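Visitor:
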Amino acid sequence: MLNARSRAAPAADVLLGHRAGGAGIDLHGPLRDASDTILASRAIDGDLVAFEVIAHRHGPLMRVLAANLLGSELESDDVVQEAFISAWRHLGELNDPARIRSWLMRIVSNRALDRIRARRHHDDIDAADRASTGPSTEALVEHRMQLDAVWIALGRLPADQRRCWLLRETAGYSYAEIGETLDIPVSTVRGLLARARATLLLEMEAWR
Amino acid sequence: MTNSDFDDLDGHTLEELSDYLESGRTPRDPGIENSAACRLALEGLARLRALSLDALQREADRDPTRDDGWIAGLLDIIKDEIRPGRDIPISDPDAMTSLSVTEAAVRGLVRAAADALPSVIIGRTEIEGDVSTPGAPVRVRITAAAEYGHALPPLVEELRRVVAEALAEHTELVIDQIDVTIDDVYRRAER
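Dropping the structure here:
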């Protein structure tokens, strides 16, 4: 039995995003203005182009989040790519398409934390984490001093404090979830967050 | 590390204030709300939360082409992983063979047809009914966002028309009904 699919191939090709080179989507196309809800809905239906727009829209933030959780940019591209592959495969589990960004943040965070756990078996993480992804000194010259101050202060936080802060404040983890994923008691999470909060707040207020 | 600026919070701690902020400042706590020091700290905490995300976002926006590499790799990996869905038969003049088109491809056809319209962006496409039995009536449900400022009834009619035409042209599905739900409104970004 021949299962011929050729008849639908031309139209499907347009939609499934089979273009030469793969990258280079027309970000000015109709989907550029589409909401996350629409894009995620289409991606759930198998629209690769919609997923590509999502990757361009949210991928950079996810990569920076991964780099800051890992304390290094070396692995962040791999981590964010793995996370998006996993997201594509599990899109059917996304109940509320409007929440795709926070859903992706979770997946990226989990992937980054997997790496950190794996790394623990190899070497002392604190040594590796010391090299933070703080900004270059040129960045200091920019206008938005508070933003700079927070970015710099984030980069200077000890790795465990930075991780807790980002998981709580950007990825929306609960205290219990942070404790579970980092394998530390909730009381420790509270302590780390309290120190991070106080430091960041002082650094930010200094630029008022 | 000194904590001097936030040492005196009228008996409250930063952690308490942070939890209070997270609960949306409800139920209202007069002890906190009536303290100038607490309100200042709450304001700072709220700003800090926004700045934390903004700082990451600004770093992310620094180099627009920075992420092209891994995104291209990503697409390369997942492009062949589209779940085909059900097979939808198409009559074949050669009795020895059978033709079918996948549900995913039909959804793609629906999106392609709808994307040709200027003021609407289609979201989900669901095909309900027994698509594998030729001639069995099926119902198509689609969701879509409409561009702000357009009357909805003609927009929906137009959407129904192009979707019906595309399905009639490329499949042999017997369409009982096309349900359209406009669940979002968007504004076209300035070019």
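Residue numbers (our numbering), protein chains in the order written: chain G, 1 to 208; chain H, 1 to 191.
For each residue, glycine too, the CB sits at the ideal point set by N, CA and C.
Fair warning: this is a prediction, and the values are worked out from it, not measured in the lab.
#1: Between which residues of its own chain and ARG117/G is the CB-CB distance below 6 angstroms, once the five residues before and five after are set aside?
#2: Could you give the C-beta distance for ALA171/G and ARG115/G, rounded to a whole number, given that I count them as a contact under 8 angstroms?
#3: Is VAL80/G close to chain H? Criterion is C-beta to C-beta, closer than 8 angstroms.
#4: So who's on the other strand from GLN177/H, going by DSSP bridges?
#5: So within the segment 59 to 93 of chain H, which uninterrupted beta strand (DSSP E) runs reach at least 3 residues, ignoring any that extend past its ends?
#6: Measure from the C-beta of THR133/H to each C-beta in chain G and report whether the shortest distance is under 8 angstroms.
#7: Cα separation between ILE38/G and GLY11/H?
#8: Compute the beta-carbon to beta-carbon distance between SER98/H and ILE88/H, rounded to the nearest angstrom, for a pair I have assumed lies under 8 angstroms.
#9: Please classify GLY24/H: is it buried, with 16 or more other beta-carbons within 10 angstroms of its beta-carbon, or exposed?
#10: Kindly list the residues whose CB is nearer than 7 angstroms to the CB of SER18/H, restricted to its own chain and excluding five residues on each side of it in sequence; keep chain order.
#11: Cβ of ASP61/H less than 8 angstroms from any chain G Cβ?
#12: Are ARG101/G and HIS58/G close, meaning C-beta to C-beta below 8 angstroms?
#13: Just checking: is the beta-carbon of THR125/H within a distance shorter than 8 angstroms of some beta-carbon in chain G?
#14: By the DSSP assignment, the beta strand (DSSP E) with LEU99/H in it spans what residues?
#15: Along the alpha helix (DSSP H) that carries GLU165/H, what are the first and last residues, could you check?
#16: Any idea what DSSP makes of ALA100/G, helix, strand or coil?
#17: Would you say ARG111/H and GLU128/H are within 8 angstroms of each other, going by their C-beta atoms?
#18: Whole angstroms are fine: how far does the CA of GLU172/H sit from the CA of THR133/H?
#19: In the DSSP output, what is TYR148/H paired with across the bridge?
#20: Any idea what DSSP makes of GLU75/G, helix, strand or coil?
#21: Tell whether a beta-carbon distance below 8 angstroms holds between ALA145/H and ILE121/H.
#22: Nearer than 7 angstroms: is that true of the beta carbon of SER187/G relative to any heavy atom of the ligand NAD?
#23: To the nearest angstrom, how far is it from the Cα of SER41/G to the Cα of GLU158/H?
#24: Any idea what DSSP makes of ASP45/G, helix, strand or coil?
#25: Can the beta-carbon of ARG141/H be found less than 8 angstroms from the beta-carbon of GLY46/G?
#26: Could you check what DSSP says for ASN37/G in three-state terms: helix, strand or coil?
#27: May I ask which residues mark the beginning and end of the alpha helix (DSSP H) holding ILE32/H?
#28: Closer than 9 angstroms by beta-carbon distance: list the chain G residues that pair up with THR65/H, in chain order.
#29: Which residue marks the beginning of the beta strand (DSSP E) containing ILE121/H, and which one marks its end?
#30: Apart from the five residues just before and just after GLU82/G, which ones in its own chain have a Cβ nearer than 8 angstroms to its Cβ?
#31: Can you pull the chain G neighbours of THR143/H, defined as C-beta to C-beta under 7 angstroms?
#32: What residues from chain H crowd round SER35/G, counting only those whose CB sits closer than 8 angstroms?
#33: In chain H, what lies closer than 9 angstroms to GLY172/G by C-beta?
#34: Measuring only between beta-carbons, confirm whether ALA194/G sits less than 8 angstroms from chain H.
#35: Residue range of the alpha helix (DSSP H) that ILE152/G falls in?
#36: Check whether the Cβ of ARG49/H lies closer than 8 angstroms to any Cβ atom in chain G.
Guide: Put simply:
#1: Non-local C-beta neighbours of ARG117/G in its own chain, meaning closer than 6 angstroms and more than five positions away in sequence, are absent.
#2: Rounded, the Cβ-Cβ distance is 15 angstroms, inconsistent with contact.
#3: VAL80/G counts as touching chain H.
#4: For GLN177/H, DSSP records a beta bridge to ARG139/H.
#5: 87 to 90, all fully within the segment 59 to 93 of chain H.
#6: It does not: the Cβ of THR133/H has no partner Cβ on chain G nearer than 8 angstroms.
#7: ILE38/G and GLY11/H have their C-alpha atoms spaced approximately 48 angstroms apart.
#8: Contact flag wrong, Cβ pair sits at about 11 angstroms.
#9: Classification for GLY24/H: exposed.
#10: Cβ contact annotation for SER18/H (same chain, cutoff 7 angstroms, sequence separation greater than five): LEU45, in chain order.
#11: Cβ-Cβ to chain G under 8 angstroms: yes for ASP61/H.
#12: Yes; because the gap between Cβ atoms is below 8 angstroms, this pair is in contact.
#13: Yes, its Cβ sits closer than 8 angstroms to a Cβ of chain G.
#14: LEU99/H: member of the beta strand (DSSP E) spanning 98 to 102, first to last residue.
#15: GLU165/H -> alpha helix (DSSP H) spans 152 to 170.
#16: It is Ile, not Ala, that sits at residue 100/G in the sequence shown. The DSSP-derived three-state label of ILE100/G is helix.
#17: At least 8 angstroms separates the beta-carbon of ARG111/H from that of GLU128/H.
#18: Put simply, the backbone Cα of THR133/H is about 11 angstroms away from that of GLU172/H.
#19: In DSSP, TYR148/H forms no bridge with anything.
#20: GLU75/G falls in the coil class under three-state DSSP.
#21: Yes, Cβ-Cβ distance for ALA145/H and ILE121/H is below 8 angstroms.
#22: The ligand NAD is not part of this structure, which contains no ligands at all.
#23: Our two residues, SER41/G and GLU158/H, have alpha carbons roughly 21 angstroms apart in a direct line.
#24: In the structure shown, ASP45/G sits in coil (DSSP, three-state: anything other than H, G, I, E or B).
#25: No, they are not a contact pair.
#26: Note that residue 37/G is Thr in the sequence shown here, rather than Asn. In this structure, DSSP gives THR37/G a helical state, which the three-state scheme calls helix.
#27: Per DSSP, ILE32/H is one residue of the alpha helix (DSSP H) stretching across 30 to 33.
#28: What THR65/H touches in chain G: nothing, since even the nearest Cβ is about 10 angstroms away.
#29: Counting along the chain, the beta strand (DSSP E) containing ILE121/H begins and ends at 120 to 128.
#30: The answer, listed in chain order, is ARG111.
#31: Simply SER41.
#32: In chain order: ALA145, ASP184 and TYR186.
#33: Within 9 angstroms Cβ-Cβ: nothing; GLY172/G doesn't reach chain H, min ~10 angstroms.
#34: True, the Cβ-Cβ gap to chain H drops below 8 angstroms.
#35: ILE152/G -> alpha helix (DSSP H) spans 145 to 156.
#36: Yes, contact with chain G.
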